[in-house]
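In what follows, a structure is listed as structure tokens, so that the remarks can point back to it.
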């Protein structure tokens, strides 16, 4: 890269693999578990960051990234959705037990993070397990005493696929939660019942004139559709932060 | 194939460059667009990891892991940092 200016910023801390201990595993939905971890050398994290998990089988190594579900100051918790043909997630959701050890490194990422000083109003848009880093942001907002207004729009296939359902049913003051169920709705369902599109965003999203800050997380197709629609409706691209999970996931 | 964000390879980038890189600004050598590394398009299922410019699709960076070594190609970048 001729002529490239590479001004490496000195890191106070190298990113090293370390062994965490599983404290508990909680069932969120049929295919989703939250894994509470004791990480001995944990420097603290920001809302929205992730960790890399490494599984080793002889010479074969598989690495995946998982968003941190807990707020800064809380023990590290990862919420993992089982991908049926995945190499890593079925082990994490089906095999892992309290007392087991797990190799990880983190926290990672400074791009998809939110701090109370970043302000708002906040628009959080989740597809399936894309809710995980946004839940960390919600908990951080509440624990930090922030009064930034928040609207969360969460797209799931069915009501049974909604992660953190009980928690989201009792949102903190200043947080509005909207659900859309794209595949099946229970009798008497009063939420939305379609994929997130321009019309739905026009109803739910803060007007662009309020200078909202948007975080969009989920499967790649969900994130691209939603973020493009937001930009078309006047959100400045630099106020729309995205985190694509790849794959199709459950939205 | 589905792209993920540069943010997703924050761990790999930290390993290669020795510091948090997802908020570092990169400049595309083809179209000149400046973006934070966390915004770039990453194709992690290729043989190796390919990072492309979301504006013009130019390949900015390629990382290939062979045993314990990571081979790094930054030819598509005009600037980083």
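Residue numbers (the numbering used here), protein chains in the order written: chain A, 1 to 251; chain B, 252 to 332.
The beta carbon of each residue, even a glycine, is placed where N, CA and C say it ideally should be.
Owing to the predicted nature of the structure, the values given are computational and were not obtained by experimental measurement.
9 Å Cβ cutoff, residue i in contact with chain B
i	result
residue 103 of chain A	no
residue 261 of chain A	This structure does not reach residue 261 of chain A, given that chain A is present from 1 up to 251, and the question cannot be answered.
residue 136 of chain A	no
residue 221 of chain A	yes
residue 173 of chain A	no
residue 209 of chain A	no
residue 79 of chain A	no
residue 52 of chain A	yes
residue 93 of chain A	no
residue 229 of chain A	no
residue 65 of chain A	yes
residue 106 of chain A	yes
residue 10 of chain A	At residue 10 of chain A, the pLDDT of 45 sits below 50, so the modelled position is not reliable and the matter cannot be decided from this model.
Buried versus exposed, by CB contacts within 10 Å (16 or more), residue i
i	result
residue 16 of chain A	exposed
residue 73 of chain A	exposed
residue 192 of chain A	buried
residue 179 of chain A	buried
residue 114 of chain A	buried
residue 28 of chain A	buried
residue 296 of chain B	exposed
residue 24 of chain A	exposed
residue 69 of chain A	buried
residue 99 of chain A	exposed
residue 232 of chain A	exposed
residue 57 of chain A	exposed
residue 30 of chain A	exposed
residue 146 of chain A	buried
residue 49 of chain A	buried
residue 2 of chain A	Only weak support is given to the placement of residue 2 of chain A: the predicted model assigns it a pLDDT of 41, under 50, and the question is left unresolved by the model.
residue 133 of chain A	buried
Under 8 Å from the C-beta of residue i: neighbouring residues of chain B
i	result
residue 109 of chain A	258, 261, 271, 273 and 289
residue 15 of chain A	262, 265 and 266
residue 115 of chain A	By Cβ distance, chain B contributes nothing, its closest Cβ being about 13 Å from residue 115 of chain A, past 8 Å.
Test: residue i CB closer than 9 Å to a CB of chain A
i	result
residue 310 of chain B	no
residue 302 of chain B	no
residue 297 of chain B	no
residue 255 of chain B	yes
Chain-ordered neighbours of residue i on chain B, where CB pairs are closer than 7 Å
i	result
residue 246 of chain A	253 and 255
residue 112 of chain A	258 and 289
residue 182 of chain A	By Cβ distance, chain B contributes nothing, its closest Cβ being about 18 Å from residue 182 of chain A, past 7 Å.
Strand pairing of residue i, partner residues [DSSP]
i	result
residue 253 of chain B	For residue 253 of chain B, which the question treats as bridged, DSSP gives no partner whatsoever.
residue 178 of chain A	A:153
residue 254 of chain A	An answer regarding residue 254 of chain A cannot be provided, because it is not within the stretch 1 to 251 covered by chain A.
residue 294 of chain B	B:301
residue 26 of chain A	A:34
residue 243 of chain A	A:217
residue 158 of chain A	Per DSSP, none; premise fails for residue 158 of chain A.
residue 287 of chain B	B:276
residue 322 of chain B	B:315
residue 310 of chain B	B:303
residue 330 of chain B	B:278
residue 126 of chain A	A:154 and A:217
residue 18 of chain A	A:104
Amino acids of chain B, ordered along the chain, whose beta-carbon sits closer than 9 Å to that of residue i
i	result
residue 34 of chain A	Going along chain B, no residue has its Cβ under 9 Å from residue 34 of chain A, so there is no contact; the nearest lies around 21 Å.
residue 56 of chain A	Correct list: empty, because the minimum Cβ distance to chain B is about 13 Å.
residue 243 of chain A	255, 256, 258, 259 and 289
Test: residue i CB closer than 9 Å to a CB of chain E
i	result
residue 197 of chain A	Of the protein chains in this structure, namely A and B, none is chain E.
For this session: Could I get the ranges of all uninterrupted beta strand (DSSP E) runs contained in the segment 42 to 123 of chain A, with 3 residues as the minimum, in chain order?
Result: 50 to 57, 60 to 67, 77 to 81 and 101 to 108
For this session: Enumerate, from N- to C-terminal direction, the unbroken alpha helix (DSSP H) stretches of 4 or more residues contained entirely within the segment 173 to 223 of chain A.
Result: Listed in chain order, they are 198 to 204.
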